[in-house]
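Only one structure is covered here, and it is reproduced in the block below.
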Amino acid sequence: MIPIALTVNGVGHEAEVEPRTLLVDFLRDDLGLTGTKIGCDTSVCGACTIHVDGQAVKSCTLLAVQADGTEVTTIEGLAPEGELHPLQTAFWERHALQCGFCTPGMIMTAVELLGTNGVALTDPEIRRGLEGNICRCTGYQHIVEAVHEAAVR
Amino acid sequence: MTTQLEEQTTNVVGARMKRVEDPRMITGAAKYIDDLKLTGMAHVAVLRSPYAHARIRGIDTSRAEAHPDVIDVFTGKDFEHLNPLPCAWQAGGVENFVATPRTLEIDRVTFTGAGVAAVVAETRAAAEDALSLIDVDWEPLDVIIDPERAVEEGAPQLHEAAARNIVMDWHCGDAGATEQALAEADAVVEERLVNQRLQPTPVDVRGAVGQYDPGTGEYTVWMTSQCPHIMRLLMTAFVLGIPETKLRCISPQVGGAFGTKIFLYPEYVLVAALAEKTGRPVKWIETRSENYVATTHGRDHVTHLKVGASRDGTITALDAKTYANLGGILSTIAPGIPTTLYGRMLSGAYRIPNIHCQVLGVYTNTGMVDAYRGAGRPEATYVVERAVDLVARELDLDPVEVRRRNFIPPDAFPYDPVGILAGLKYDTGDYEKALKRALDMVGYDDFRNEQESARAEGRYPGIGLSTYVEICGAAPSAWIGAVGQGWGASMWESANVRVHLTGKVVVTTGTLSHGQGHETTVTQIVASELGVPMEDVTVELGDTLGTPFGYGTYASRSAAVGAVAVYNALQRIRQKARRVAAHMLEVDPDDVEFEDGRAYVKGSPATAKTIQEIAGAAALAYDLPPGEEPFLDDTFYYDPPSCTFPFGTHIAVVEVDAETGEVTLQRYVAVDDVGRVINPLIVDGQVQGGIVQGVAQALWEGAVYDENGQLLTSSMMEYPVPKADFVPVIELDRTVTPTDVNPLGVKGAGETGTIASTPAVVNAVMDALAPLGIKNVDMPLTPERVWRAMEAARS
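Going down the list, the protein sequences come from chains A and B.
FYI, in my numbering the residues of the first sequence are 98 to 250.
FYI, in my numbering the residues of the second sequence are 1014 to 1808.
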């Protein structure tokens, strides 16, 4: 077992993990942050996307030990308690989710994609920017609209 | 983007409302199956067959049992006392040679991925580790994966009872008349059409959590099911042999399913049995690779098509002989899909006087095949819409002209497609209206002109149509019972509406939302009918405990059947509210109006009692009309008098790269008519998502088995589910032709996109390739396949 210390959604955590423990499993099983999903086991679907030190990463592709010393944000920590991030609001208003399973990962990717200059993004740029996240329900159109809308806000 | 025709309404029904269920999903708070954690919960992993066809000589679990974190290991022999899973919908009117899965297979497997042993361990990782410590003595057998070859003499036999691997040999229509009409036709087109096997790929895989209470002898199983009531019935009455009151099935938040979560799978029985055997709650969650091998696939038809037509393009006969590959063993409703939902829909939107269809359901050493979004209707629509284009090509007519010549006209409804629907009739339709709208949107005539000049430059642009019709709102119980459609069930739906003392409304219904937004749609209907605020309505789905039996969500039935049950229950609530209000107002009930949540004496709105006041009075029951029961509570079991038939026109515009064969989808126009629309925002989403799934079949997706029955597309690395940058903006519109089958006028909108889009895209690509004389290329139309066809045509 390996000791790690990291900050998740602003809260410090110290834990001992097996070397093989994936970051996504640590977040879900050890910390109970089940908003981050597992969809493919092969780093394709992006349902497990979170932010590590401000960058969007697929948390099934990192070991928990690699997150030692980092600051992690998950969907649960994206907005202050009781509030919504502009992308969460836009996803809701534009009906950018159906079953909702891919949604946390999709939103975390979109947050990074928008960054500081999202307004300038074209439709093809948004579509390319989301290609690491698979949604089987929506056909993506409302997701792209939601990202545009959040950018404008 | 939509809908000048849509009815303008101030009512909440028909309004573009954002969904009430979304806040928990966008914040990560929604609890899907893998998010459940019970005290003392252990974890299950299933050992699956690496062979597509093999005998099990023996299984040695001792090494796995010695693993320090393993609680116990089980094989099929531990569950010999449990019945095989039922095949609940067999092909009607013919013998079905049925072989279904067991909880764990005991002595033989017929597809790669069949479960043969299970480990229960303290952690999921330990359970999966221990799988590699189980030693199975396998005897591999000969494998057959091709359904056309599987029925030949000498092919490896999968199941003793099914000679030549035939599950069933089913017909509909008039073989003799069709043969004669083909003989007399001016032109006959023949083609072999392949509707390839698809892997449905919900991002949320399947899973189950089982718990057993030895004190009461009751099981609870949380499961990724679209129809928990049916699961309880099948598991208790058919497999476990216990009263259904001893099992509670719960669907938590269920992710995309697309049909795959309709069926009873072995693992749902397994977790119940393991919870009892180990005395621990247990959880099993699929890996993605398990989802690909052990969850059902869709489609997989090979059809030999013959179409007869007169010189002017009038279709006179259609004959289809279809091999439906049902896999190595039968899923819950596998034989019903390629028969009732496929063969009976082969008239499409056309008045075809002679139709015959033969379907051979076939066992092969491949994964189970069952309903996948559209379920039979995409396969039928593919055959019919490709047939129309093949006729147009043969006779050198415009595909639009051939469609118009053969459309069922608006005055012909209700329309009986020469008896192949076994007594059902198409309800309402105006196919020309949707066609015209779509042609205007796409600019059809302009495209044809531009195409001509592009072709002169050596380019390959193409346009393709799909003027589909489909069937939803299944189904009238009398039809199911009378004509031997083979269902082991009816398909009505239930709804219970309760208005509590506080005026808050709780609705339970048997449908199960897994992305369709039922909580919102039902809330809209309640708010509209009772005049309560949306936030005062709670919709409860997915728990069999204490709720009326219901048949679940699939076949686009939740609006056309489920929502109608809710609506009808609300009408009886309104009637009772009027009676109670009349008593409160000391007038005759006939003198009371009820609207917008207020009951008042006709002509005197100021006298109004609100629904909240009425509900309070009904609940307290201090002073009710004589003989009136307390409480506003009603349960309605709605049995639809007929089915509904959505329709529309989809048009795809493509360009094929002359050098590489790559197809670019440039535009996609869809005009659907799903009857009245309860929430246009939700319907848009359903249609868009469905279209992308159907386009994916045309261009990218397909399961690939090698000759040994190994699934080569067994992870998302190999199976090309579309990504955001694969598709253009989809241009939507609607026409509104309400159904007369139900009081809401709704037809169903969950599958039209998938049903319509696949042939539209293929027709477009064949149109692009017409200058090369290419009439058919089998899907998926990958650059390699198209390039090969182009090369062959050029040489």
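C-beta atoms are modelled at their ideal positions from N, C-alpha and C, and glycine is treated no differently.
These numbers come from a predicted model, not from an experiment.
Counterpart residues of Leu1277(B) in DSSP-defined beta bridges:
Bridge partners of Leu1277(B): none, in fact.
Whose Cβ in chain B lies nearer than 8 Å to the Cβ of Arg225(A)?
In chain order: Ala1737, Asp1738.
Within chain A, the residues that Ala1043(B) reaches when beta carbons sit closer than 7 Å
Going along chain A in sequence order, the residues near Ala1043(B) (Cβ under 7 Å) are Gly197.
What three-state label does DSSP hand Gly1089(B) in the structure shown?
DSSP places Gly1089(B) in helix when its eight states are reduced to three.
Relative to chain E, which residues along the region 1711-1739 of chain B have a C-beta separation below 7 Å, given in chain order?
The chain inventory of the structure shown lacks chain E, comprising the protein chains A and B.
Does the beta carbon of Val1705(B) come closer than 7 Å to any beta carbon on chain A?
Yes, Val1705(B) counts as interfacial toward chain A.
Using a Cβ-Cβ cut-off of 7 Å, state whether Leu194(A) counts as contacting chain B.
Answer yes: the Cβ-Cβ gap between Leu194(A) and chain B drops below 7 Å somewhere.
Contacts of Met1803(B) in chain A (Cβ-Cβ under 9 Å)
Near Met1803(B) there are no residues of chain A at all, since even the closest Cβ is about 27 Å away, more than 9 Å.
Where Gly1269(B) meets chain A, residues with beta-carbon distance less than 8 Å
Ordered by position in chain A, the residues that pass the 8 Å Cβ test against Gly1269(B) are Gln195, Cys196, Phe198, Arg233, Cys234.
Boundaries (first-last residue) of the alpha helix (DSSP H) holding Lys1589(B)
Per DSSP, the unbroken alpha helix (DSSP H) holding Lys1589(B) starts and ends at 1577-1598.
Hey, does Arg1061(B) have any beta-carbon neighbour from chain A nearer than 7 Å?
Output row for Arg1061(B): interface = no.
Leaving aside the five residues before and after Pro1063(B) along the sequence, list all residues of the same chain whose C-beta is less than 7 Å from its C-beta, in chain order.
Closer than 7 Å at the Cβ level, and outside the excluded window around Pro1063(B), lie Thr1125.
Nonlocal neighbours in the same chain, by C-beta distance under 8 Å from Leu1794(B), ignoring five residues either side
Correct list, in chain order: Val1676, Ala1711, Leu1712, Val1774, Val1775, Val1778.
Less than 7 Å separating the beta-carbons of Ser1770(B) and Ile1704(B)?
For Ser1770(B) and Ile1704(B), yes; Cβs fall inside 7 Å.
Can you tell me which of the three DSSP states His1531(B) falls into?
When secondary structure is reduced to three states using DSSP, His1531(B) falls in the helix class.
So Ala1139(B) and Ile1157(B) are supposed to be a Cβ contact under 8 Å. How far apart are they, rounded?
Contact check for Ala1139(B) and Ile1157(B): beta-carbon distance about 38 Å, past the 8 Å limit, so the pair fails to qualify.
Cβ shell of Glu1019(B) (< 8 Å), same chain only, five flanking positions each side left out:
Bear in mind that a pLDDT of 40 at Glu1019(B), under 50, signals an unreliable position, so the number given afterwards is only what the model happens to contain. Excluding positions up to five away in sequence, the list reads Gly1027, Val1690, Pro1693, Arg1747, Val1749.
Using DSSP bridges, identify the partner residues of Asn1096(B).
According to DSSP, which records beta bridges pairwise, Asn1096(B) is partnered with nothing at all.
Tell whether a beta-carbon distance below 7 Å holds between Ser1238(B) and Lys1274(B).
Yes, the Cβ-Cβ distance between Ser1238(B) and Lys1274(B) is below 7 Å.
Name the chain A residues whose beta carbon is nearer than 7 Å to that of Met1038(B)?
What Met1038(B) touches in chain A: Leu194, Gly197, Thr200.
Please list the terminal residues of the continuous beta strand (DSSP E) segment that includes Tyr1232(B).
Annotation: the continuous beta strand (DSSP E) that includes Tyr1232(B) extends over 1231-1236.
Let's test the definition: count the other Cβ atoms within 10 Å of the Cβ of Arg1068(B) and tell me whether it reaches 16, buried, or not, exposed.
Classification for Arg1068(B): exposed.
Would you decide whether His192(A) is buried or exposed? Buried here means 16 or more other CB atoms lie within 10 Å of its CB.
So His192(A) ends up on the buried side.
Short CB-CB distance (under 7 Å) between His1527(B) and chain A:
It does; some Cβ of chain A falls within 7 Å.
According to the Cβ coordinates, are Pro1653(B) and Val1574(B) closer than 7 Å?
A contact, by the Cβ cut-off of 7 Å.
Name, going along the chain, the residues of the region 135-153 of chain A whose beta-carbon falls closer than 8 Å to a beta-carbon of chain B.
Of all residues in the region 135-153 of chain A, only Ile135, Gly136, Cys137, Asp138, Thr139, Val141, Cys142, Ala144 come within less than 8 Å of chain B when Cβ atoms are compared, listed by chain position.
Where do the N-terminal and C-terminal ends of the alpha helix (DSSP H) with Glu1445(B) fall, by residue?
1444-1455 is the extent of the alpha helix (DSSP H) around Glu1445(B).
Quick one: list the residues of chain A neighbouring Thr1300(B), beta-carbon separation under 7 Å, in chain order.
Contact note: Thr1300(B) reaches chain A through Asp138, using a C-beta cutoff of 7 Å and chain order.
Figure out for me which residue from Asp1383(B), Gly1432(B), Asp1325(B), Val1520(B) has the closest Cα to the Cα of Leu1359(B).
Measuring from the Cα of Leu1359(B), the nearest candidate turns out to be Gly1432(B).
Complete alpha helix (DSSP H) runs within the region 1744-1808 of chain B (minimum length 4 residues, chain order)
Under the rule that a run must span 4 or more residues, the alpha helix (DSSP H) segments found entirely inside the region 1744-1808 of chain B read 1765-1781, 1796-1807.
Going along chain A, which residues have a C-beta under 9 Å from Leu1694(B)?
By Cβ distance, chain A contributes Arg191, His192, His239.
Within the continuous alpha helix (DSSP H) that includes Phe188(A), where are the two ends?
Counting along the chain, the unbroken alpha helix (DSSP H) around Phe188(A) starts and ends at 183-190.
Report yes if the C-beta distance between Asp1313(B) and Val1382(B) is below 7 Å; otherwise report no.
Yes. Within cutoff.
Which whole-angstrom value describes the C-beta separation of Gly1763(B) and Ser1569(B), a residue pair presumed to lie in contact below a C-beta threshold of 8 Å?
That belief holds up - the Cβ atoms of Gly1763(B) and Ser1569(B) are roughly 4 Å apart, short of 8 Å.
Could you list which residues in chain B have their beta carbon closer than 8 Å to that of Phe188(A), in chain order?
Simply Asp1035, Ile1039.
At least one CB of chain B closer than 7 Å to the CB of Glu228(A): is that the case?
Output row for Glu228(A): interface = yes.
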